[in-house]
Amino acid sequence: MRGHISSEIMLEAAVSAAKDYAGFVSDHDPDDGNHVVPGELRRFLARLRLLHGVPFSYLIPDAALLPVESIRFFYIDRAWTDALVQGALSVGTISSADRVQLEAVYPAIRSEVDETERSIRETDDQSLLQGSGGTITGFLIRSRLVSGWPNLHVRGYLRDLQPDDALTTAAESNPDRLKVLRMERLAPAVLLVLFDGVPAVVHIEEPRQGIQFGVRLDKNAPATARSAKVKVRDNQNGNPVPPETTFTTTNSVDVPFRRNAPGVINVTELRKRLAAKAPNSGGTLEPNEYALQMLCFPFRQVFGDPNGAAGARYFQLDQFKVSVSMEKWQATVASNLNKVKP
Amino acid sequence: MPAIGTFVLHSNFIPQLTAGEYELVSEQTGLPFDVAPEHTHVTVAAPRYTMPTDQILSTFPPANAEGAFSDRLPQIVLKRRTLPWERNPEGLVQPSATPWLALVVVAEGEAELSVTVPVADCVTPGTNLLDAVQDKDVQKGLYLAVTETVVKRVFPCKEDLALLVHVREVDIHDTELANGDDDGWLAVVLANRLPVFDTANGKPVRYMACLVNVEGQLAALPPPEPPEDHFRFELVQDWSVLAAIDPKVGPDSRIMGGINLAGVALPGAGLLLDAAPGHGALKAPPVASKATHPSPAVGRPLDGSATMAEAPVGQQWRNVTEKVSAAALDPDAKRLVRDTMASGFRYPIEKFAMEKVLRFPVLAHWSFTTTDNTSFETLMQKLDVSLVGTAEQHADATIGGPGPEVVQTGHIGLHHHSRRGDPMEAWYRGPCVPFPTTRDKVLPGGLLPLAHAADQLRRVVPDGREDLSLASAFEIGRLLALSQLSVVSALIRFRSEQFGIGRIRELLARLSPYVIPEIVDTRVDLGRFVALQVIGDLVQNQAQMLGPRRPIADPGRELKLRGDLDAVIANGLGLDLALLRKQSDQVGLLAALANAEVPMANRSGILGIDQPAVAALRSALNSDLSRALQVAAPPLVRRTTRAGRSAAAIPPIDALDELIAQTAERSPSDEEGGA
Numbered sequence: 001m002r003g004h005i006s007s008e009i010m011l012e013a014a015v016s017a018a019k020d021y022a023g024f025v026s027d028h029d030p031d032d033g034n035h036v037v038p039g040e041l042r043r044f045l046a047r048l049r050l051l052h053g054v055p056f057s058y059l060i061p062d063a064a065l066l067p068v069e070s071i072r073f074f075y076i077d078r079a080w081t082d083a084l085v086q087g088a089l090s091v092g093t094i095s096s097a098d099r100v101q102l103e104a105v106y107p108a109i110r111s112e113v114d115e116t117e118r119s120i121r122e123t124d125d126q127s128l129l130q131g132s133g134g135t136i137t138g139f140l141i142r143s144r145l146v147s148g149w150p151n152l153h154v155r156g157y158l159r160d161l162q163p164d165d166a167l168t169t170a171a172e173s174n175p176d177r178l179k180v181l182r183m184e185r186l187a188p189a190v191l192l193v194l195f196d197g198v199p200a201v202v203h204i205e206e207p208r209q210g211i212q213f214g215v216r217l218d219k220n221a222p223a224t225a226r227s228a229k230v231k232v233r234d235n236q237n238g239n240p241v242p243p244e245t246t247f248t249t250t251n252s253v254d255v256p257f258r259r260n261a262p263g264v265i266n267v268t269e270l271r272k273r274l275a276a277k278a279p280n281s282g283g284t285l286e287p288n289e290y291a292l293q294m295l296c297f298p299f300r301q302v303f304g305d306p307n308g309a310a311g312a313r314y315f316q317l318d319q320f321k322v323s324v325s326m327e328k329w330q331a332t333v334a335s336n337l338n339k340v341k342p
Numbered sequence: 001m002p003a004i005g006t007f008v009l010h011s012n013f014i015p016q017l018t019a020g021e022y023e024l025v026s027e028q029t030g031l032p033f034d035v036a037p038e039h040t041h042v043t044v045a046a047p048r049y050t051m052p053t054d055q056i057l058s059t060f061p062p063a064n065a066e067g068a069f070s071d072r073l074p075q076i077v078l079k080r081r082t083l084p085w086e087r088n089p090e091g092l093v094q095p096s097a098t099p100w101l102a103l104v105v106v107a108e109g110e111a112e113l114s115v116t117v118p119v120a121d122c123v124t125p126g127t128n129l130l131d132a133v134q135d136k137d138v139q140k141g142l143y144l145a146v147t148e149t150v151v152k153r154v155f156p157c158k159e160d161l162a163l164l165v166h167v168r169e170v171d172i173h174d175t176e177l178a179n180g181d182d183d184g185w186l187a188v189v190l191a192n193r194l195p196v197f198d199t200a201n202g203k204p205v206r207y208m209a210c211l212v213n214v215e216g217q218l219a220a221l222p223p224p225e226p227p228e229d230h231f232r233f234e235l236v237q238d239w240s241v242l243a244a245i246d247p248k249v250g251p252d253s254r255i256m257g258g259i260n261l262a263g264v265a266l267p268g269a270g271l272l273l274d275a276a277p278g279h280g281a282l283k284a285p286p287v288a289s290k291a292t293h294p295s296p297a298v299g300r301p302l303d304g305s306a307t308m309a310e311a312p313v314g315q316q317w318r319n320v321t322e323k324v325s326a327a328a329l330d331p332d333a334k335r336l337v338r339d340t341m342a343s344g345f346r347y348p349i350e351k352f353a354m355e356k357v358l359r360f361p362v363l364a365h366w367s368f369t370t371t372d373n374t375s376f377e378t379l380m381q382k383l384d385v386s387l388v389g390t391a392e393q394h395a396d397a398t399i400g401g402p403g404p405e406v407v408q409t410g411h412i413g414l415h416h417h418s419r420r421g422d423p424m425e426a427w428y429r430g431p432c433v434p435f436p437t438t439r440d441k442v443l444p445g446g447l448l449p450l451a452h453a454a455d456q457l458r459r460v461v462p463d464g465r466e467d468l469s470l471a472s473a474f475e476i477g478r479l480l481a482l483s484q485l486s487v488v489s490a491l492i493r494f495r496s497e498q499f500g501i502g503r504i505r506e507l508l509a510r511l512s513p514y515v516i517p518e519i520v521d522t523r524v525d526l527g528r529f530v531a532l533q534v535i536g537d538l539v540q541n542q543a544q545m546l547g548p549r550r551p552i553a554d555p556g557r558e559l560k561l562r563g564d565l566d567a568v569i570a571n572g573l574g575l576d577l578a579l580l581r582k583q584s585d586q587v588g589l590l591a592a593l594a595n596a597e598v599p600m601a602n603r604s605g606i607l608g609i610d611q612p613a614v615a616a617l618r619s620a621l622n623s624d625l626s627r628a629l630q631v632a633a634p635p636l637v638r639r640t641t642r643a644g645r646s647a648a649a650i651p652p653i654d655a656l657d658e659l660i661a662q663t664a665e666r667s668p669s670d671e672e673g674g675a
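Chains as they are written, first to last, in our numbering: chain A, 1 to 342; chain B, 1 to 675.
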């Protein structure tokens, strides 16, 4: 029993409190259970980890690193984001005791913020993923694609699940589909996407705002004589006439325009031309068949490693298999030696 | 129902009846008596001048959107599959395969969208509509005023109408295609014009798509013309010069004509002035003339050499888009948004055009802007794909200077001023790196390295330069936290709650001798806790803290006896020891004791108390008793006397009086008894 409080006692108490109470649960969140760090603070730090609010010049320090019409993939440097969080935590650490305490509680903060990171971008009717912080990857795209086609579809897959032109997509709950941690337009033409994992393939898809109808304008035509083409489809099943990637005389028609009218299609003539080329048309096209020919499906760009160049760095060295018995080999060696002997 | 993820296209869905008033006449014949025919009136209703918003499922391009829509045909999706065929465009009662709806796309400056007017004024004067007076869904509507030239160039031909409308049957499980639709049947109306980008001038074009009613005006639609494989973008007619007209000019001069437009040829007037207005030979866009008219009251001279006070076109459309977005936030949004979207399509063409202006009722309209000439595919294919940390490589190294100093690790060399002001180069790398990095490992003891100041994270790399990446991250994190008051207070509260409680507990544990309980959810009342501890201690350490406990019985005085014990006792009790022993030898000790003669105290002569002593004792007893009684009940005597003084003044006797009386009666008797 001591009769007075000395600074020595205070310091002892502070140090021991810092060490012993780091794991003290102070937050009882009805949504996500008990935590050491209050939810408000946890979510702020997790948003910080996902680079919310970080000035863009800190992400890309020079415009040459993200030129116009480019996409840049990256890993997130955990050391950098940890330093970001440490900076935020340093606010208001006035005394040494505060700092001792912060050091003691920091492992708990880091692991809890790792968990909270995943819940920042919650989608409806998808179960929450949990676990400690893994590798975060992502990409930045600076292009007219972002400004001209708002609401791009972005999906990342852990492995190449389906053919590139598959009509369907894997559900967001599929374990092979990486969860998107953040997808935000930082500027009208700059999109930032963060994935929870390392994707093998990334799909970027034209917005699916309903089914669309259209033509393919010739980009290289002069402004005074612009032209367009339409791919021909089989009238029976709607399949495009091969080849799919190029325009030939058999698989496409020139779009006829009205004279002196800016971009007005001569529909009757286009119908005639399509009817002449489309298989199984029977010589004419009904309105529904005409619509079938004019359908435009969303375009999907797949980013990946088609040749497996990245995986080729690792060679399987332990593929030694015994194919010859020891006796046979010894006999072969002995006979060969006998041949060599003079 | 089509399979999931698929849809079926149908050519049309023609109803049995067109819209209008019908009379059902039912007659019955062959009966022995006459039956009066029954007349039933039926109205088949369909929209005519406005499209109910719940019938519009979607539009493409989205309203007020900006994007590269050059190679996509605008479309509107209607929910009722029979809607495009519910009227006969030729003004007949019979259903027709030709739809009465057309989606017309006009560029800014080509046409005028009216304000709301009575529906009778919504069609070109002289048009005969079936049942025009009764059959109208609304009283007031909008119309599109276009010159004959624009109709000839832009509107679909009569033969095109049927091809531009089809019915789509979709799987309703696929909500992406038909959210909110009931049966999955939709009518789709396509436009016949591509909303192309102005590649020649490289500027965005604002378009308005109007769902118009072509009923009764099929003859005005253009006839089929020989096709061309090429086109170039230019406005069919540009009436935007009308925006420059001084609004102060009265209606007279407008109607009478002859407004001096400073030589600017209005589109229609230009055609008329043309000596030989050849078919389809479009007058070139208004050309500024060199005429030296005096400054007119109307408008401004358009002179290519003069600087234009107007904002560039790019800014104009951008303003409109922003205005529409802002108008959507207004409480009166519905009207405002429509009005603002129609701006740019409000030039009073009808008042100035020298040719015939046609009116078409507009059932729905929306505007959008084509800002680009590229396609998604080409842009995607041309993207520069790389990992971050790849600097742009100019083919010509002389352009744009030597570029940033980027190394393989993703670091970039930046100019840096040290605290002393020395200019130097430092390395920086953002959070985006081209390879996986490692994270701080947990140190022995469960701790992690933690920086308290940015300077702790400054690193010097082997080439002698400083790497400021993490220090910058630390500092930006600190500033971001400081920028939000709620975060700062949350941090401080977190510390005081978590650390403060622990510190106080530790301090108390050092100051107090008790074992302080662990911190749990329930609150501990420190005062109560200490009180209980103190009581517990008092109980356990009674001897030290409260003094020794008194024994239940005091030990007796020690007797000191000399000589034979039997002799002493016998002597004290006045027994004859020798006799007792003798008898005990004969009959036993107990019998001997029983027979022994015991001397008694009150035997006369032994205790002498004489009469005078008794009297003295009695008087002492009496005096003590009376004194004690006086102390115990002093007022009794007086009360008794006062009560007996006057009978009249005596109040009714209550319980207290009775008690007093009894006491007073008893007192003397006690004294008597005591005596």
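All C-beta atoms in this analysis are idealised placements derived from N, C-alpha and C, irrespective of residue type, glycine included. Computed from a predicted model, the values in this text were never measured in an experiment.
C-beta neighbour in chain A for B/K136, strict 8 Å: no
Against chain A: residues of the region 152–165 of chain B by CB proximity under 7 Å: R153, V154, P156, C157, E159, D160, A162, L163, L164 and V165
Cβ-heavy atom distance, A/V190 to the ligand FMN, below 7 Å: The model depicted lacks the ligand FMN and carries no ligand whatsoever.
Interface flag, B/F352 vs chain A, CB-CB below 8 Å: no
Among B/L448, B/F155, B/E234 and B/A454, the one whose alpha carbon lies nearest that of B/L470: B/A454
Any chain B beta carbon closer than 8 Å to A/T268: yes
Listed by chain order, chain A residues near B/E377 by CB distance under 7 Å: F299
Residue-chain proximity (B/N541, chain A), Cβ-Cβ < 8 Å: no
Option nearest A/N235 by Cα separation, candidates A/E286, A/K229 and A/V267: A/E286
Chain-ordered residues of the region 221–233 of chain B with a beta carbon less than 9 Å from chain A: P222, P224, E225, P226, P227, E228, D229, H230, F231, R232 and F233
Residue nearest to B/G141 in terms of C-alpha spacing, selected from B/Q456, B/L482 and B/P52: B/P52
Contact with chain B by A/I9, beta-carbon distance below 8 Å: yes
Cβ pair B/V414, A/P298 closer than 8 Å: The sequence as given places Leu at residue 414 of chain B; Val does not occur at that position. No, the Cβ-Cβ distance between B/L414 and A/P298 is not below 8 Å.
Interface flag, A/I120 vs chain B, CB-CB below 8 Å: no
Inter-residue spacing [alpha-carbon to alpha-carbon] between A/A189 and B/T438: 32 Å
A/L285, enclosing alpha helix (DSSP H) - first and last residue: No alpha helix (DSSP H) contains A/L285, which DSSP labels as neither H nor E.
Length-filtered (4 minimum) alpha helix (DSSP H) runs lying within the region 353–414 of chain B: 376–382
Option nearest A/D176 by Cα separation, candidates A/A187, A/P199 and A/R182: A/P199
Check whether A/A13 and B/L507 have beta carbons under 8 Å apart: yes
From A/Q301, A/L186 and A/V85, residue whose alpha carbon lies closest to that of B/L491: A/V85
Contact list for the region 423–434 of chain B against chain A, Cβ threshold 9 Å: Y428, R429, G430, P431, C432, V433 and P434
Buried versus exposed call for B/I535 [16 or more other C-beta atoms within 10 Å across all chains shown]: exposed
Residues that A/Y75 contacts on chain B, provided the C-beta gap is smaller than 8 Å: C432, V433, P434, F435, P436 and T437
A/M10 versus A/S119: straight-line alpha-carbon distance, rounded: 40 Å
Proximity test, Cβ basis, 8 Å: A/T81 and chain B: yes
Cβ pair B/L113, B/A327 closer than 8 Å: no
Sub-8 Å separation of A/V232 and A/N251 beta-carbons: yes
Cβ neighbours of A/M326 in the same chain (closer than 8 Å, five flanking residues each side left out): none
CA nearest to the CA of A/P67, picked from B/G403, B/P434 and B/V407: B/G403
Nearest-angstrom Cα separation, counted from A/Y106 out to A/Q316: At A/Q316 the pLDDT is 45, less than 50, meaning the model places this residue with poor confidence and gives no usable figure here.
Cβ pair count under 8 Å reaching 3, the region 55–74 of chain B against the region 193–208 of chain B: yes
Three-state class that DSSP yields for B/E518 in the structure shown: coil
Beta-carbon contacts of B/E159 that lie in its chain and below 7 Å, excluding the five residues immediately before and after: P224
Three or more C-beta pairs below 8 Å linking the region 350–357 of chain B and the region 145–152 of chain B: yes
Nearest neighbour of B/R562, chosen from B/G572, B/D554 and B/A553 [CA to CA]: B/G572
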